[in-house]
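Novice: Below: one structure in structure tokens.
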Amino acid sequence: MSHPTDTIDTKDGYFVQGPNAIQRTEVRGPEETAPGKRNSFRRSRIPSDQCISRLQSSSTRASHVEASRELCDNPHFVVAGFNSGDVHQGALGNCWFVAATGNLAQEKELWERVIPNAKEQDWDDDDKSSYAGIFHFRFWRFGEWLDVVVDDRLPTVNNKLTYTHSQEGNEFWSALLEKAYAKLAGCYENLDGGNTADALVDFTGGVAEGSTYRTRRIIS
91 MSHPTDTIDT
101 KDGYFVQGPN
111 AIQRTEVRGP
121 EETAPGKRNS
131 FRRSRIPSDQ
141 CISRLQSSST
151 RASHVEASRE
161 LCDNPHFVVA
171 GFNSGDVHQG
181 ALGNCWFVAA
191 TGNLAQEKEL
201 WERVIPNAKE
211 QDWDDDDKSS
221 YAGIFHFRFW
231 RFGEWLDVVV
241 DDRLPTVNNK
251 LTYTHSQEGN
261 EFWSALLEKA
271 YAKLAGCYEN
281 LDGGNTADAL
291 VDFTGGVAEG
301 STYRTRRIIS
């Protein structure tokens, strides 16, 4: 696994860089962005073009990175609530993440902890100038909740999302959650193969335990 190339902002002013280093840095939220520039938030070092190009298979590699608001006419963070049907696997081999995300979507309290203030993060149809292009997620790491911030650019092929996506073409919470989790892992490449139990721990702060089911003959 390669080392993360970006910083992970937290509310306490810490970031994670590399597998073990924890240092202090300044954190700027969307409210600190200069007037008139709120819609231009960009994180230049998030796992996007560079990490996508490292995926070895052309079938899993995105060709472009596009802002989610440019992929459809009426984009929304969440459409008509959230459920496990909002999460569909794309070209990346991360069914383990998709399964954990589907479970997360069935638990309202846990979902809202990982995705805080979802309504405030959505596109405002009545005030498009308020859109900052910044999304906030939380994951459990190193014994504490880390706040991860990403912009709205997502991997695409032919104007379609390449990786995790919703059944609704204008809903983006699951794709943006995957991007934030890829940032936590270092890049999308590091999500290509994993363990559902690990993702559940990162989503809940709890302890995951596996069970093995053995096939038994049923005598009728």
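According to the working numbering, the sequence shown holds residues 91 to 310 in order. The beta-carbon is built from N, C-alpha and C at its ideal position, and this holds for glycine as well.
Looking at the strands, I want to know which residues DSSP matches up with Trp230.
Specialist: According to DSSP, Trp230 bridges with Trp235.
Novice: On the CB-based measure, 16 or more other CB atoms within 10 Å of its CB, does Gln211 come out buried or exposed?
Specialist: Buried.
Novice: What residue does the alpha helix (DSSP H) around Thr191 start on, and which one ends it?
Specialist: It spans Cys185 to Leu194 - the alpha helix (DSSP H) in which Thr191 sits, taken as one unbroken run.
Novice: If you draw a straight line from the alpha carbon of Arg243 to that of Tyr253, how long is it in whole angstroms?
Specialist: Distance between the alpha carbons of Arg243 and Tyr253: 13 Å.
Novice: In the DSSP output, which residue or residues are listed as bridge partners for Lys250?
Specialist: Answer is Val247, bridged to Lys250.
Novice: With the cut-off set at 8 Å, would you say His166 and Asn249 are in Cβ contact?
Specialist: Their beta carbons are not under 8 Å apart, which means His166 does not touch Asn249 by this criterion.
Novice: Starting from Asn240, follow its DSSP beta bridges and name the residues at the other end.
Specialist: Before going on, a small fix: residue 240 reads as Val here, not Asn. Phe225, per the DSSP bridge assignment.
Novice: Considering just the uninterrupted stretch of the alpha helix (DSSP H) at Tyr271, what are its terminal residues?
Specialist: Residues Trp263 to Ala275.
Novice: Measuring alpha carbon to alpha carbon, tell me which residue in Gln179, Leu236 and Ala265 is nearest Gly295.
Specialist: Checking every option, the nearest Cα to that of Gly295 belongs to Leu236.
Novice: Comparing C-alpha positions only, which one of Tyr303, Ser264, Glu299 and Ile309 sits nearest to Asn184?
Specialist: Asn184 has its Cα closest to that of Ser264, out of Tyr303, Ser264, Glu299 and Ile309.
Novice: Per DSSP, what kind of secondary structure is Ala157 in: helix, strand or coil?
Specialist: Strand at Ala157.
Novice: Taking the alpha carbon of Phe293 as the reference point, which residue from Leu161, Glu197, Asp176 and Asn173 has its own alpha carbon closest?
Specialist: It is Glu197.
Novice: Return yes when at least one heavy atom of the ligand GTP lies under 7 Å from the C-beta of Val168, else no.
Specialist: Although the ligand GTP was asked about, the structure shown includes no ligands whatsoever.
Novice: Note down the Cα distance separating Ala287 from Arg231, rounded to an integer number of angstroms.
Specialist: Answer to the nearest angstrom: the Cα atoms are 14 Å apart.
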